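Student: Note that the working numbering has the sequence shown beginning at 1, numbered continuously upward. The beta carbon of each residue, even a glycine, is placed where N, CA and C say it ideally should be. Bear in mind that the values here come from a model prediction, so they are computed numbers and not experimental data.
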Amino acid sequence: MSEVFLKKIIANNNRVDYIYNINGEISKYFNQENVLFLEYNKNISKVPFSILAIPFIANIAPLIWITDSVIYLEELDEVFYKSLDEVKKGYQAMFPSMNFKGSIIVKKLVNNEYEINTQSAALFSGGLDALTTYIRNKNSNPILITEYAWHEQRIQKNETWEADKKNALLFGTSNNLTNIFVESNYGTIIRSNLVDKDYSKKLGDTWWHGLHHGLAIISAAIPIVFEMRIQTLFIASSNTPAFKVTCASDPTVDNKIKFASGKVIHDGYELTRQKKLNMVLNNSSDLENIQLRVCFKQEQNCCKCEKCLRTIMGIIAEGHDPRNFGFNLPEGSVEMSDFLSNALRKEIKFFTNNFIQIYWLEIRSRFRDNYQKICFKEVCLWMNNYNFRKERFKELMVYRIRYFFPIVRRKIKNLYRDSLYYQRSR
Ligand SMILES: [Zn+2]
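Written out as structure tokens, the structure reads:
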């Protein structure tokens, strides 16, 4: 049986470092160079170790459970420790084909109850989900917490993170809100490709998407939530009950996470993405500097990927101009229409059935419903009758014929690289 020992937590001003040992098979899944750290724009050195231990445990607990391993540590918050059982049950119900076993062995459970000082905080990426959650809860004046997970051994300047921070800070200061920033390497401490190699087939999902990111994002905020004596931490939902998908961040998991006197609310699950868009657009005149940041790990919205296109088209379908919300697009209705139809033609081959079903059919029906108020009528002309599956099939054929040999060559190269990586890590 594999074991992880959390040996030491070093809290110094704004930063926490974790020292740990790993024994057994599970060690191959850990990136030995990247040792977990968290750095905040606020001093957390007074936060007790039993709270600081939470992000470490939360980041690796799902791996411990699926590999039937054990974590040993000195101290942990009692409320969080108890809530982990419910979190585990949530994942077990989500992934019935896996056995969630393993254990977390703690020498001392600590009661860290506190008097509430601040009503709420909201995890804030600047994306559509996060903005919706802010709007829905703005009466509680939430503190905005923005995170970056992709450092490696140390903090290094990253343009995407700088742009995320700048956007969150602009939104925060212009709407009189407090910004908290968290920088970490929690996204790189696990060799997710190796976990996926062994488990993704059985899970039907990837490690990061299916098991890791929800707990990681929420738990990185917990030391600051404790420090500021906050009652509720909101995390915005990305999914809806209409289309059940497996996802590490799900109400059946997130809402079970409790710690000290704090709780987590998975917010906005009942809303489709288009309804969220509607809510943000309808509130846009009351808020300053709404720039939607939807493009993954990009300094700016690229306006060409599925997520950018889905958001742009969704905004147009609600009768608004996407250029007012952070999308750099050509001026003029004809130019806009040409740009979007070209971009969609290039991207459609990568659309999954789920994406079409969950997002795009609703966008098309909003185009039909809102024809009168849409400013870019040329886009309506083709979007109203756009057949997603047929267009995808057509573009996929063209792509496969054109790139047959490069695709085969790339696949062979990837297989070879994976097998080398796997051998080296053993
Ligand atoms: Zn994009």
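Please state whether DSSP places T428 in a helix, a strand or coil.
Tutor: This structure gives no information on residue 428, because the portion of the chain shown stretches from 1 to 426.
Student: Buried or exposed: M397, going by 16 or more other Cβ atoms within 10 Å of its Cβ?
Tutor: Numbered from its first residue, the sequence shown carries residue 397 at position 397. Counting Cβ neighbours within 10 Å, M397 comes out exposed, since fewer than 16 surround it.
Student: Which residue's Cα is closest to the Cα of K82: M98, N353, N111, L63?
Tutor: Position 82 of the sequence shown, counted from the start, is the residue given in the question as residue 82. That would be N111, whose Cα lies nearest to the Cα of K82.
Student: By Cβ distance, which residues of its chain are closer than 8 angstroms to F355, with the 5 residues on each side in sequence left out?
Tutor: If you number the sequence shown from 1, residue 355 lands on position 355. Excluding positions up to five away in sequence, the list reads E306, R310.
Student: How big is the Cα-Cα spacing for L381 and D338?
Tutor: As a working mapping, residue 381 is identified with position 381 in the sequence shown. As a working mapping, residue 338 is identified with position 338 in the sequence shown. Distance between the alpha carbons of L381 and D338: 12 angstroms.
Student: Less than 8 angstroms between the CB atoms is what I'm expecting for L73 and A53, so what's the real figure, rounded?
Tutor: For the purposes of this step, residue 73 is identified with residue 73 of the sequence shown, where counting begins at 1. For the purposes of this step, residue 53 is identified with residue 53 of the sequence shown, where counting begins at 1. Indeed they touch by this definition, with Cβ atoms about 6 angstroms apart.
Student: Output the distance between the C-alpha atoms of E78 and I257, rounded to the nearest integer angstrom.
Tutor: On the sequence shown, position 78 is the one that residue 78 refers to. On the sequence shown, position 257 is the one that residue 257 refers to. About 12 angstroms.
Student: In terms of residue numbering, what span does the beta strand (DSSP E) encompassing D85 cover?
Tutor: Counting from one through the sequence shown, the residue named residue 85 turns up at place 85. No beta strand (DSSP E) holds D85; the alpha helix (DSSP H) holding it covers 78-94.
Student: Please confirm whether V334 has its beta-carbon closer than 8 angstroms to some beta-carbon of chain D.
Tutor: No chain D is part of this structure, which consists of one protein chain only.
Student: How about K304: is its Cβ closer than 7 angstroms to a heavy atom in ligand 1?
Tutor: Counting from 1 along the sequence shown, the entry for residue 304 is found at position 304. For ligand 1, at least one heavy atom lies less than 7 angstroms from the Cβ of K304.
Student: Using a 10 Å radius around the Cβ and a threshold of 16 neighbouring Cβ atoms, would you call K413 buried or exposed?
Tutor: Position 413 of the sequence shown holds residue 413. Per the 10 Å Cβ criterion, exposed.
Student: Using 7 angstroms as the cut-off, classify the Cβ of N112 as near or not near the heavy atoms of ligand 1, replying yes or no.
Tutor: Position 112 of the sequence shown, counted from the start, is the residue given in the question as residue 112. The answer is no for N112.
Student: Which residue's Cα is closest to the Cα of K346: L233, L292, Y399, K201?
Tutor: Stepping through the sequence shown from its first residue, residue 346 is reached at position 346. Closest option to K346, Cα to Cα, is Y399.
Student: Going by the C-beta, is K307 closer than 7 angstroms to any heavy atom of ligand 1?
Tutor: Translated into positions along the sequence shown, residue 307 becomes position 307. It does: the Cβ of K307 is within 7 angstroms (strictly closer) of some heavy atom of ligand 1.
Student: Alpha carbon to alpha carbon, what distance is there between T246 and W207?
Tutor: The residue given as residue 207 occupies position 207 in the sequence shown. The residue given as residue 246 occupies position 246 in the sequence shown. Straight-line Cα distance between these residues: approximately 11 angstroms.
Student: Please classify G332 as buried or exposed, where buried requires at least 16 other C-beta atoms within 10 Å of its C-beta.
Tutor: As a first step, residue 332 must be located in the sequence shown, where it is residue number 332. Per the 10 Å Cβ criterion, exposed.
Student: How should T67 be labelled, buried or exposed, when 16 other C-beta atoms within 10 angstroms of its C-beta is the threshold for buried?
Tutor: As a first step, residue 67 is located in the sequence shown; it is residue number 67 there, counting from the start. It counts as buried.
Student: Hey, would you say D286 sits closer than 8 angstroms to M94, going by beta carbons?
Tutor: On the sequence shown, residue 286 is found 286 positions in, with the first residue counted as 1. On the sequence shown, residue 94 is found 94 positions in, with the first residue counted as 1. Cβ distance not < 8 angstroms, so D286 and M94 don't count as in contact.
Student: What does the alpha-carbon distance come out to for the pair A168 and N21?
Tutor: Stepping through the sequence shown from its first residue, residue 168 is reached at position 168. Stepping through the sequence shown from its first residue, residue 21 is reached at position 21. Spanning the two alpha carbons is a distance of roughly 36 angstroms.
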